[in-house]
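All residue numbers for the sequence shown refer to my numbering, where the first residue is 11 and numbers rise by one.
Positions of the beta carbon are idealized from the N, C-alpha and C atoms, including for glycine.
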Amino acid sequence: MTAQRWVKNSKGEYIVEAFPGKGAGTPEVTEEVLNVGDESTIMGVESVLANTKTIGSVRYEIFSGRQLRENRAAVRITDEDTGSVVTLKQYPNYDVAEKEYNNIIGSATRAEQPPTPKVPAVGEGREKRLAEAKRLEDENREILATPLMSEGEISPMQVGLFSARQKARWQKNAQAKMGLQFKIKQLRRSDEEIASAEKISQDITEKERLSSIEIIKGKIAFIEGLGRMSHKPNGQLRIGYQRTVDSYNAEIEKLKTVAPKH
């Protein structure tokens, strides 16, 4: 059971937020897994899924109003392991919702990625790198003892039994452990392995960039080919699909401005 309230976000804008109401003993659970363009009723508003992204085991979704006259939009965050809706917020218009959605995605992406290790360059001595790896291990024994799902040390069911505070701490430590493991592994590489990895990275960067552009173009072509599902009778894309296509085109332009590495 959930209720709704008006809250002020970090930009000073008022938005509607769903929160547990009286008698709510467990989080709201959603069984629906939507694709872009699918319709659903979100906080009483007939909506269309405009974009979605999964990072780790968390699904992020942004919805626009299905009707042209409907300005309200919503952002939903769901824990895929349990199906629990972590956050559901309604915004006065799509632009405000999209800005908040992009900020959330950016933060989640940065948190998911391990920090770029500062590895001593070739020629500075493997001994120095090994000493740094040992220092990291000695100073972070508690974090490195955190059990990870990817290593079979803990199950989703066990994590689901954690309190909200315990789960938040476990997630934070698990992310930190994966970052440390990556950094330690990088530090333990030989000079030859570092030089080889750098050359391979430079060779594939341009291929990855062009491949990414083609993948996004394929997504746009898919939407364009949905016929009446994605298009109005006058041939124009429906608002939810148009916003998704605009987002894809922006990604393509961003990729085109990236200079290839040599």
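Item                                                                                                                                              : Value
In three-state terms, what does DSSP make of T119?                                                                                                : helix
Buried or exposed for D256, going by 16 or more other Cβ atoms inside 10 Å?                                                                       : exposed
Only counting the same chain, and skipping five residues up and downstream in sequence, which positions put a Cβ closer than 8 Å to that of Y111? : N61, Y70, I72, V85
Kindly identify the DSSP beta-bridge partner or partners of F73.                                                                                  : L59, A84
Need the endpoints of the alpha helix (DSSP H) that K242 sits in, please.                                                                         : Element bounds for K242: n/a, residue is neither H nor E.
What residues in its chain sit with their C-beta under 7 Å from that of F172, if we drop five residues either side in the sequence?               : W180
How many Å lie between R253 and K144 at the Cα?                                                                                                   : 49 Å
Compare the beta carbon distance of S117 and D89 with 8 Å and say whether it is the shorter of the two.                                           : no
Give the single residue among R120, R76, D91 whose Cα lies nearest to the Cα of Y104.                                                             : R76
Let me know if A83 comes out buried or exposed under the rule of 16 or more other beta-carbons within 10 Å of its beta-carbon.                    : buried
Tell me S257's beta-bridge partners as DSSP assigns them.                                                                                         : None, per the DSSP bridge assignment.
Closest to E56 by CA distance: which of K63, T64, N81 is it?                                                                                      : N81
Taking contact to mean at least 3 C-beta pairs separated by less than 8 Å, is the stretch 194–203 in contact with the stretch 230–237?            : no
Use the C-beta contact count for V43: other C-beta atoms within 10 angstroms, 16 or more gives buried, fewer gives exposed.                       : exposed
Taking C-alpha atoms, which residue in K187, L265, E163 lies nearest to R151?                                                                     : K187
Considering only DSSP beta bridges, list what I65 is partnered with.                                                                              : V68
If we call anything under 8 Å between Cβ atoms a contact, is I223 one with I164?                                                                  : no
For S240, is the classification buried or exposed, using 16 other Cβ atoms within 10 angstroms of its Cβ as the cut-off for buried?               : buried
Beta strand (DSSP E) containing I153: first to last residue?                                                                                      : Looking at the DSSP string, I153 is not in any beta strand (DSSP E); the run it does join, the alpha helix (DSSP H), is 151–154.
Mapping the DSSP letters down to three states, classify V46 as helix, strand or coil.                                                             : coil
Please report how far the alpha carbon of I249 lies from the alpha carbon of E108, in whole angstroms.                                            : 14 Å
In whole angstroms, what is the alpha-carbon distance linking K182 and T119?                                                                      : 14 Å
Given a cut-off of 8 Å on the beta-carbon distance, is the pair L154 and L98 in contact?                                                          : no
In whole angstroms, what is the alpha-carbon distance linking Y251 and Y258?                                                                      : 11 Å
Can you tell me whether S94 is helix, strand or coil according to DSSP?                                                                           : strand
Helix, strand or coil for L158 per DSSP?                                                                                                          : coil
If you compare alpha carbons, which of K193, T267, K264, Q185 is closest to I65?                                                                  : Q185
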